[in-house]
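What follows is a single structure, written as structure tokens, with notes after it.
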Amino acid sequence: MRLKESFCHTRQVLAANNIDNTPLEGELLLRQTLKINRVQFYQNLEQQITPKQQDILQELLERRLKGEPAAYISGYREFYGLDFYVNNDVLIPRPETEHLVDETLSLAQKQRMPLIADIGTGCGIIAISLALNLPRAKIYATDISAPALKIARFNCYKHGVVDRIKPLNGDLLEPLPEPVDFIVSNLPYVRQSELDTRGFEPVLALDGGVDGLEKIRRLCHQVNGKLLPGGYLLLEIGQGQREAVTTLLDSLFPTADIDVKPDLIGIDRIVSMVLPQ
Ligand SMILES: C[S@@+](CC[C@H](N)C(=O)[O-])C[C@H]1O[C@@H](n2cnc3c(N)ncnc32)[C@H](O)[C@@H]1O
């Protein structure tokens, strides 16, 4: 069988099992089977697939049909135009988090040498995307999960930013050795009642406590003394959490300016706060 026929067959099987975006999903499974990149995939559609490769594809397809996300099977996910290694120790990056990077970049680009903390870095997407777009920035990347930090470190090496990103293991802002210009964070914000504990992603990366805001709330209470005067706090939040987060920040920092930006589908997604100078 040729690659293009196998691609077509794989897509049919995925579609028959109600899996969306079969062109991308099928491509990922075949690329993982053949260990080739996207360009090689489309250049070699006429290539023959060996019986051994068909067996490997079948195994990967079965994992996908049992619900394992394509990102864990292929071992990578694209974010901000970059490839990141992922496994089931880390959350699979979500496109809405690109807004958090955009927003931080638009503010940090105005500073000469911004000092940034990415709290709950996971596989390192926020810290690394910022480092690559802010060549003079120094970044702390924290996570309470040591296995997640190991993946972040791997991605820092992969993207050549290991000298500017310092991984720190610990709870929220506690490991920060000095106050920073920016605290940027996509903490877990799923309500416990909405958690899918049978899923493949780490519960630690999703579980936001009873109302989803337990960790965000604790972080807000730790900001004092960790953010420099004129410094920014930028948080990704979930649907319906705007009011609770802005009210809390307003009560903790009555002289700060607070703003909220929506994502592409109009959900309030990024809360930003700037302290007075
Ligand atoms: C929603 S994931 C975000 C991962 C990554 N920043 C992203 O945007 O894809 C939340 C991350 O916060 C970490 N985390 C959870 N509780 C934490 C805590 N108390 N202190 C630091 N990190 C925490 C989790 O291990 C996980 O990596």
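Residues 928 to 1204 (my numbering) make up the sequence shown, in order.
All C-beta atoms in this analysis are idealised placements derived from N, C-alpha and C, irrespective of residue type, glycine included.
Predicted model, so just to flag it, every value in this text is computed and none were measured.
- Task: Buried or exposed for E1030, please, with buried defined as at least 16 other CB atoms from any protein chain shown within 10 angstroms of its CB.
- Result: The residue is buried, with at least 16 neighbouring Cβ atoms inside 10 Å.
Using DSSP with H/G/I as helix, E/B as strand and the rest coil, what is Q1168? Coil, per DSSP.
Do L1103 and A1035 have their CB atoms nearer than 8 Å?
No, Cβ-Cβ distance for L1103 and A1035 is not below 8 Å.
Could you spell out where the alpha helix (DSSP H) holding N1060 opens and where it closes?
N1060 -> alpha helix (DSSP H) spans I1052 to N1060.
I think I1019 touches V1028, with their Cβ atoms under 8 Å apart; what is that distance to the nearest whole Å? With a beta-carbon spacing of about 16 Å, I1019 and V1028 fall beyond the 8 Å limit used to define contacts.
Every unbroken alpha helix (DSSP H) within the stretch 1029-1110, with a cutoff of 4 residues, ordered by chain
As far as the stretch 1029-1110 is concerned, its whole alpha helix (DSSP H) runs of at least 4 residues are 1052-1060 and 1073-1085.
Please report the straight-line C-alpha distance between V1201 and N1082, rounded to a whole angstrom. Answer to the nearest angstrom: the Cα atoms are 30 Å apart.
| When L951, A1073 and P1062 are compared against T1048, the one with the closest alpha-carbon | It is A1073.
- ligand 1 heavy atoms versus the CB of T1024: any closer than 7 Å? At least one heavy atom of ligand 1 is nearer than 7 Å to the Cβ of T1024, so yes.
Q. Hey, is S1199 close to ligand 1, as in C-beta under 7 Å from one of its heavy atoms?
A. Outside the cutoff, so no.
Contact between the stretch 1052-1068 and the stretch 998-1015 (3+ Cβ pairs under 8 Å): Under the 8 Å Cβ criterion, the stretch 1052-1068 counts as touching the stretch 998-1015, having at least three qualifying pairs.
Q. Are L1032 and T1069 close, meaning C-beta to C-beta below 8 Å?
A. L1032 is not a Cβ neighbour of T1069, given a cutoff of 8 Å.
How far does the beta strand (DSSP E) with S1120 in it extend, from its first residue to its last? Element bounds for S1120: n/a, residue is neither H nor E.
Relative to the C-alpha of A1171, which candidate in S1001, G1139, V1111 and L1133 has its C-alpha closest? Comparing Cα-Cα distances from A1171 to each of S1001, G1139, V1111 and L1133, the minimum goes to G1139.
* To do: Quick one: grab the DSSP three-state call for E1005.
  => E1005 falls in the strand class under three-state DSSP.
What is the C-beta distance between S1199 and L1161, in whole angstroms, given that I count them as a contact (C-beta under 8 Å)? 5 Å between Cβ atoms; contact.
Residues of its chain near K1142, where Cβ-Cβ distance is below 8 Å and the 5 sequence neighbours each way are ignored = The beta carbon of K1142 lies closer than 8 Å to those of G1047, L1099, L1114, P1115, Y1116, G1135 and G1136 in the same chain, with the five residues before and after it left out.
How big is the Cα-Cα spacing for G1193 and Q1166?
Straight-line Cα distance between these residues: approximately 10 Å.
query = For the putative contact between R991 and I1000, defined by C-beta atoms under 8 Å, what is the C-beta separation to the nearest angstrom?
reply = Approximately 6 Å separates the beta-carbon atoms of R991 and I1000; this is inside 8 Å, confirming the contact.
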